[in-house]
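One rule links them: number in the working numbering = place in the sequence shown (from 1) + 1143.
In this text, a Cβ means the ideal position worked out from N, Cα and C, and glycines have one as well.
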Amino acid sequence: MVSQVTYENYRDIFSKKEKTHVIEFYRKTCGHCKMLEQELEALSGETDAGIEFGRVDIEEQPFLWQQFDIMSVPTVMFFRNGEMKEKLIGYCPKSIIAENIKKISNQN
């Protein structure tokens, strides 16, 4: 499941220790973002419980895209223990996202 990340809930999401978070910053009218959404939905059903997926609509959550310095969509950010570990800009296939999840999940 991919949850919607908002200004109201992002602190709760990122405060979870021992979790890897995969967050997509997107715009509803972006074609590449829609393709990436399908990849994240598929991955969310294939990964273990230690991985959480979320999406931030940059038009509805301007504070978050500014805070995380998002310059282009889609952008996928990978967080471990509340810290940003990796950033991918543009559309990425599921295999690249899964590779980054594995790499980040194995970090302490």
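_Tell me the DSSP secondary structure of Glu1203 in three-state form._
As a first step, residue 1203 must be located in the sequence shown, where it is residue number 60. DSSP places Glu1203 in coil when its eight states are reduced to three.
*Determine the closest residue to Cys1235 out of Gly1225, Glu1167, Gln1210, with distance taken between C-alpha atoms.*
The residue given as residue 1235 occupies position 92 in the sequence shown. If we check each option's Cα against that of Cys1235, Glu1167 comes out closest.
*In whole angstroms, what separates the C-alpha of Val1148 from that of Val1216?*
In the sequence shown, counting from the first residue as 1, residue 1148 sits at position 5. In the sequence shown, counting from the first residue as 1, residue 1216 sits at position 73. The straight-line gap from Cα to Cα measures roughly 16 Å.
*With a CB to CB cut of under 6 Å and the five nearest residues on each side skipped, what residues in its chain are close to Val1219?*
Locating residue 1219 in the sequence shown gives position 76, where the first residue counts as 1. Glu1167, Leu1231, listed in sequence order.
_At least three beta-carbon pairs within less than 8 Å, the region 1194–1207 to the region 1165–1183_ = They touch, by the three-pair rule.
*Would you list the one or two residues that DSSP bridges to Phe1222?*
Translated into positions along the sequence shown, residue 1222 becomes position 79. Under DSSP, Phe1222 shares a beta bridge with His1164, Met1227.
*Within 10 angstroms of the Cβ of Ile1239, are there 16 or more other Cβ atoms? Answer buried if so, exposed if not.*
The residue labelled residue 1239 in the question sits at position 96 within the sequence shown. Exposed is the label assigned to Ile1239, since fewer than 16 other Cβ atoms lie within 10 Å of its Cβ.
*asked:* Please classify Asn1243 as buried or exposed, where buried requires at least 16 other C-beta atoms within 10 Å of its C-beta.
replied: Your numbering for residue 1243 matches position 100 in the sequence shown. Buried.
_Sequence-distant residues of its chain with Cβ nearer than 7 Å to Gln1250 (five each side left out)_ = On the sequence shown, residue 1250 is found 107 positions in, with the first residue counted as 1. Excluding sequence neighbours, Gln1250 sits near Arg1223, Lys1228.
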